[in-house]
Structures are given as structure tokens and as C-alpha cells.
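**Q** Residue numbers (the working numbering), protein chains in the order written: chain E, 1 to 343; chain U, 344 to 686.
Ideal placement from N, C-alpha and C gives every residue a C-beta, glycine not left out.
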DNA sequence: GGAGTGTGGTAAAACGATTTAACCACACCT
DNA sequence: AGGTGTGGTTAAATCGTTTTACCACACTCC
């Protein structure tokens, strides 16, 4: 006979009582069940009772009954990486429209703390995963673990036939290369992201295709491996600059690494763009503010997040695991001051 | 007699059967119920059965029974704002340690789409909220809505006695001011964040205190309102530079606005730091890469996220709504090239 | 007048974990 | 023998929603 303290949130039973019907009706009215035959005035009674009581369904109960939580999780290789903000926003907007919420998880941390990762995957607190991994060696394990348990969409990397969304990296890199070629460069280098990653290789192929078409060569010495962040780009360009023969322009596979590249040049007294032109892939607000402002190729990151969520939801509804290459909107050159004619 | 397709996740009942005990025992063993007296070998049987079956509790069922979801939500005024990455990371690490997961929500979007906000708040999918709002006019509504439904901790702003965590903004601003004074500046201006926000005012007070102590004055003309992002800082400094009499050094209340300030100076041919010294509050990785590199005051953002989660969890466990000023670690000056002696 | 056919509902059984009340066997004490 | 713990375990209720199976009633049609 213990009375609950305070006011508890209203349940379907409360609404049912208020409307003078059974709980089943309330549920079916609220979920707009098409197979329900009901008199319009009864439906109206239910609806207004629900409004009057400010009824909102209990998420946990729904999740239990429906065996689905209404939540997705975006796992990013580094939550503080500025590019993820864009992707997340796109994902979130699209998910909200479909009635899902999006959690954000940090891959570094999950990899480091397998228990919390396992916990996330197996408590069924999320219905599916969007994985945006770095392309490094730890990826495979995280991916396998995830795919074994939950529907998973890979962002910006892929494994044959699995659900994935990637940018049109070839086109983006090609655009960057064409820009340098148009400026008159013939000695062009490439600062890749993480060495063996699919993403890196696609960008490299785009670059090579353009050079080949113009009868130019991508010298192996001018391909240096880096990473996706600023220190990695910095180191990579230092290695490049130590060589006897240097390119006059470089394409950097990631905007953060591009900023590192600028820093390395400044440090070595290499003036950009007089001595070396730098163009990077991806665009963010702060590329306007680097020294010099960085020429980039803008990619549809927000759309990529949205597309990943679309695909994931499609898969949750029984769709197959498609692989999508996001070609719309196409990459776009954003001209700033880090590129110019070769010396 | 319909057999479930495929393998369903094991439940307590399955584990109980495997261990030859009742479900109740399984639950209590797994949750390490101290009031349970059990023979060590029985406990061992349960534990190994759970391991063998790879049992993990169903989150939805727990949430329903326990009336708590194990999830917190950090609502940020702009998910793409680089400073939030730091805060989020701190929050997430601390939450994970306590067995909670953290959702990230965008305040802009929630404010714009009240239905999804209401949905988030009332489906009980999250147990509590950390709100990091902009300090602008829309805040009050979001805050009231949140506090009416869920335990809420405010980050970086406060309302009397409510749960909140703020930085030691006075100290941070004072540090910036002292730096300028030490360089010999006597004509010092202030680019505030959003005009009336608590945060702005605290920073201003810190600045004023230092100036007053040195017998200097903060001229009202030299206080210009801005915002927390780059365009806002840009605009504010343009206004400042249009004045007849100018300061020789300015403290900018936010690092993004600080970057906007540098851009405005460049645009107007004002050389930093020769003509104007600029120091901004908060430090991020890219302040190394602006033109010129920006002198900042580093604040403990990650710790702030962690402290907010600590406080929230404390409140969820029945603790009172404390207000915390985060003084440890103290703000720290990071000297770069945007400050120098006055002309 | 009995069999079909809709109509507009209701009752009850899931979903899986937690927790309380109840139970039983056994030892110990008087 | 009867009472009292007490350690070890179980059965059953509960959380709120959804969904399946079923029911009462009116109406129609030979």
C-alpha cells in the first residue's frame, strides 16, 4: 500500500482510464496503427486525454518490447577532430528526422577499454553503429567486434560488400591535382594519410590518374605517409623537405595534416606558396585563418554523416548492406593563398 | 510453438538454467548484491555459466525496472565548436568510469525543433542533462524546460543555487590582463562574448580588477560585445578599430572570437602585435597555427566536463545541487606571438 | 432462424531484469 | 519436543508498451 512519492509520469494505463478505453487502444492510436478500426470520436477522446495528461511513452519499456532502442551510435576515431563535428551534425539531423537519437563514442577510448566497448555493443542500448575509424592497424579488431553484434555502417573506409559510405576521394584528389597542374606545376608530391588505409589509396589513385593523363609522374620519393592530424602532417613534410630533390607542389590528404605541413614549411624557412604550393583535402572554417590561408578541396562531410545514417536505418529495416560512394554534391576547390605558380 | 529465428541473446533465465539455480540468484550475483548469502561454489557456477554464454544484461529491461537508463546527455550550443570536443571528452571519460554513456545533443537544433527536445527529455532515455548554452537570449527557455523534467547541470553559466560548474573566469581574465600590463600596456580593451552572459561578465570583472589595482581604467568605448565564434569576434574588432582612440592591447573572451579578431586586424592593416596586442581566453591546438600564433590563457575544459558529470551523478544519487567553481588546475598563460610591447 | 460478416473494441501474454516475500532444511538452544 | 535462527534458494510481482487472440453485438442474406 506504499504510495509513490511525488507525481509519476503518466502511462498508457492512465490515459486509457481517462479516455474510458483499454490500454491497447491507446497504444494503437498513439502509434497510428493503420489496421485499427476505431470510431473517430473515440480516437479523439484518446488523443485529447493523452495531451491533457502530457503523456509521453516510456522509452525503456518500448525498447524492451520492441527489442530496439531508437538510438544509434557514431564512433569516431577522435571526438575532438574538427571534421567530425560536421559529420556528426549531418548524422544527427537525419537521425532525428527518423526518430532516432545519436550517441557519440570515441574509438580510442573504446579500443583502450574493451569492457566499455563490449558493454556498449551488447546491452542493446543502441540499435546500430556508424564507425568512422582512422584507417590504422587497430581498426580491424574494432570493426569485427562491432559487426559481429550490431548492424554497422563504415564511414570513409570499406570492406567488400559491407555497409559503407565513402566520399568520392578520387575526384577530390583529382581536383587538387588539376589545380596544381593548371598553375604550371609538374613536380607534385603527396602527403598521404595513414599509410595503408583505403582512404589514402583512393586519394592517391585520383592524384595519379590526373598526373598520368598529363604525362607526369608521381615520384615514389614524393609520396610520404602521415596521418590525419597536425603533428603527422608536420613530420611527413619535414621528411619530404629533407630530400635532395623536392616537389614544387603537394597534395595533403587531410586538412589537419595540411596545417601541419604549413607549420613544417615555416619552421624550415620554406615559403608557401613561393617555394612550395600546398593544397589539402577537406575544408573547415579555420583554413581561412592559417598562415597562409590554406587552399583546400571541400568535401560533403555533413552529407556523408546523413547518408551513413540513412543507410544504417535502411539496414535496420531489413535492407541489404550497400556500399555508397557519395558523389553529390561534388568536391569543390576553395582557393586561398597556399597555392601559386611554381618557382 | 514458433521457434525464434537465429540465436537470441542469452537472458538471466538461460544463465540460471545453465548454472542450475533460479534467475534471482543470477541477478544478485551479477550485481554483486552484498546482502546475498551464497555458497562460494554456487557463485562460481553462476559466474562461469554467465561467461560461457557471454551473457550481458539487456539494457532496456534494466532501465525499465530500475527507472533509470544509464545515459546522460551533454547538450552543447554548437556541436561543431572546437572547445566542446575537450569538454565532451572529459565528460565521457568520467561517465564511462561510473558506468554511464554520454549522448551529445545540439542546442541550436533542439531549440529549433521543440518536439525532438521534448522527446529527449521525457522519454526517460537519459537520466540527466549537462547543458552548455551560449549565454544568449534563448537559453532561459531551454534551461527551464530541462530543469522541469530532469536533473540538470549547467556548464559555464549559472542560476542561483542550481547545479552548475563554471570555470574560474575571473582568474583567467586577470591572467590575460596582467600579461598585457606587464608588457607595458595601459590602454586595454575587452571583446566580450555574448553581451549579457554571466560568463562574459565574470571575465570582465577579472579584467577590471587587475586594471583597477594598477590604477588603470577600462574605458567603456573599449568594451565591445561579440559572441563565441569567429565572425562575432571579427565584427566586434572592426567596430573597435573604427573608433578614434584605440587601445593598444585587447583581451578577447573566447579563442574563436580571438581568431576573428586577428582576421579583422589583418583586413584593416593593423599589424599584430606591433599595433595591437591580442590575447584570448581558452587554448586549442590550432592557436599555434594562426597568423600570428595567438597568445591565450589555457583553461581546464576537459576537467570541466568531468566535474559536470561528477556533479550530475552526485545529484542523481540524491546529492544536493551544488555550484562549483573549478579552480584546479588554474588557468595558465600560453605565450605566442600575438602580444608584445605597446607601440 | 441460423450462418456469415463486419465493427469496435477488450483481455492477457509477452519482453528481461530486479527485488520482495516466502519457503525449507537444518542446527542450535532450552 | 518445541521454538528460533539462519543460510540458501525460489516463486512471483513489477516496470510500461505492444500485440495477438478473442468477444459481443448488430446487420445481412438465403
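1) On the CB-based measure, 16 or more other CB atoms within 10 Å of its CB, does residue 33 of chain E come out buried or exposed?
2) So residue 228 of chain E contacts chain U; which residues on that side make the cut at Cβ distance below 8 Å?
3) Assess contact between the segment 195-207 of chain E and the segment 594-614 of chain U, defined as three or more Cβ pairs (one per stretch) separated by less than 8 Å. Is contact present?
4) In whole angstroms, what is the alpha-carbon distance linking residue 498 of chain U and residue 478 of chain U?
5) Just confirm the distance between the C-beta atoms of residue 72 of chain E and residue 128 of chain E, as a whole number of angstroms; I'd bet it's less than 8 Å.
6) Could you run through the segment 85-98 of chain E and flag, in chain order, every residue whose CB is less than 8 Å away from some CB of chain U?
7) Using three-state DSSP, classify residue 652 of chain U as helix, strand or coil.
8) From which residue to which residue does the alpha helix (DSSP H) around residue 25 of chain E run?
9) In whole angstroms, give me the CA-to-CA distance for residue 610 of chain U and residue 429 of chain U.
10) Counting contacts by CB-CB distance shorter than 8 Å, is residue 347 of chain U in contact with chain E?
11) How many angstroms separate the CA atom of residue 225 of chain E from the CA atom of residue 240 of chain E?
12) If the cut is a Cβ gap below 8 Å, which residues of chain U does residue 106 of chain E touch?
13) For my contact list, residue 229 of chain E and residue 263 of chain E are in at a C-beta cut-off of 8 Å; report their separation, rounded to the angstrom.
14) Work out the CA separation of residue 449 of chain U and residue 493 of chain U for me, nearest whole Å.
15) Could you spell out where the beta strand (DSSP E) holding residue 532 of chain U opens and where it closes?
16) How would you list, in chain order, the residues of chain E whose beta-carbon sits under 8 Å from the beta-carbon of residue 602 of chain U?
17) Report the neighbours of residue 623 of chain U on chain E: residues whose CB is nearer than 9 Å to its CB, in chain order.
18) Is DSSP giving residue 537 of chain U helix, strand or coil here?
19) Apart from the five residues just before and just after residue 13 of chain E, which ones in its own chain have a Cβ nearer than 7 Å to its Cβ?
20) Can you list, in chain order, the residues of its chain whose CB lies under 7 Å from that of residue 665 of chain U, leaving out five sequence neighbours each side?
21) Short of 7 Å Cβ to Cβ, which residues in the segment 29-59 of chain E face chain U?
22) In the DSSP assignment, the beta strand (DSSP E) including residue 101 of chain E goes from what residue to what residue?
23) Check whether the segment 448-464 of chain U touches the segment 482-490 of chain U, taking contact to mean three or more Cβ pairs, one atom from each stretch, closer than 8 Å.
24) Taking contact to mean at least 3 C-beta pairs separated by less than 8 Å, is the segment 428-443 of chain U in contact with the segment 88-98 of chain E?
25) What residues in the segment 144-158 of chain E have a beta carbon less than 7 Å from any beta carbon of chain U?
26) In the DSSP assignment, what residue or residues form a beta bridge with residue 561 of chain U?
27) Below 8 Å on the Cβ atoms is my guess for residue 642 of chain U versus residue 510 of chain U; work out the distance and round it to an integer in Å.
28) Below 6 Å CB to CB, which residues in the same chain sit around residue 18 of chain E once its five sequence neighbours on both sides are set aside?
29) Out of curiosity, what's the CA-to-CA distance linking residue 84 of chain E and residue 420 of chain U?
30) How would you write the range of the alpha helix (DSSP H) that residue 59 of chain E sits in, first residue to last?
31) Taking the CB atoms as reference points, tell me whether residue 207 of chain E and residue 174 of chain E lie closer together than 8 Å.
32) Under 8 Å between beta-carbons, which chain E residues line up against residue 617 of chain U? List them in chain order, please.
33) Rounded to the nearest angstrom, how far is the Cβ of residue 278 of chain E from that of residue 186 of chain E, given a contact under 8 Å?
34) Scan the segment 452-467 of chain U for residues whose Cβ lies nearer than 8 Å to a Cβ of chain E and list them as they occur along the chain.
35) For residue 422 of chain U, return the contacting residues in chain E, with the cut-off set at a CB-CB distance below 8 Å.
**A** Checking against the coordinates, here is how it stands:
1) exposed
2) Simply none; closest approach about 13 Å.
3) no
4) 11 Å
5) 5 Å
6) 85, 86, 88, 89, 92, 93 and 96
7) helix
8) 23-30
9) 31 Å
10) Legend: pLDDT at residue 347 of chain U = 35, less than 50; position of this residue unreliable, value from coordinates given subsequently. Residue 347 of chain U does not count as touching chain E.
11) 10 Å
12) 432 and 435
13) Between residue 263 of chain E and residue 229 of chain E the Cβ distance is about 12 Å, and since that is not below 8 Å, they are no contact.
14) 17 Å
15) 531-534
16) 286 and 289
17) Residues of chain E passing the Cβ test: none, with the nearest at roughly 12 Å.
18) coil
19) 23
20) 506 and 654
21) 56, 57, 58 and 59
22) 101-106
23) yes
24) no
25) none
26) BP columns for residue 561 of chain U are empty, so no partner.
27) 5 Å
28) 49
29) 16 Å
30) 59-66
31) yes
32) Correct list: empty, because the minimum Cβ distance to chain E is about 16 Å.
33) Rounded, the Cβ-Cβ distance is 16 Å, inconsistent with contact.
34) 452, 456, 459, 461, 462, 463, 465, 466 and 467
35) 85, 88, 89 and 92
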